[in-house]
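In UniProt numbering, the protein residues as written are 1 to 39. These notes concern the structure reproduced below.
This is the structure in structure tokens:
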């Protein structure tokens with residue numbers, strides 16, 4: 001939901017993270033897929 005708010009231009013990242021009570025590192029987290037999971 002935080003990313004949707006930022007993408008819509010309603011909030012900046014800092015405001016969205018504060019509103020949804022998450023850290024900015026959680027907001028930016030992108031999991032790395034292991035090579036074992038390749039199709």
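The beta-carbon is built from N, C-alpha and C at its ideal position, and this holds for glycine as well.
From the beta carbon of residue 14, is the nearest beta carbon of chain B less than 8 Å away?
-> No chain B is part of this structure, which consists of one protein chain only.
Selected residue, minimal CA-CA separation from residue 15, among 26, 2, 32 and 34 = As a first step, residue 15 is located in the chain shown; it is residue number 15 there, counting from the start. Looking at the Cα atoms, 2 is the closest of the given residues.
Apply the 10 Å Cβ neighbour rule to residue 26 and answer buried if 16 or more other Cβ atoms are within range, or exposed otherwise.
-> Reading the chain shown from its first residue, position 26 is the one you call residue 26. Exposed, since its Cβ has fewer than 16 Cβ neighbours within 10 Å.
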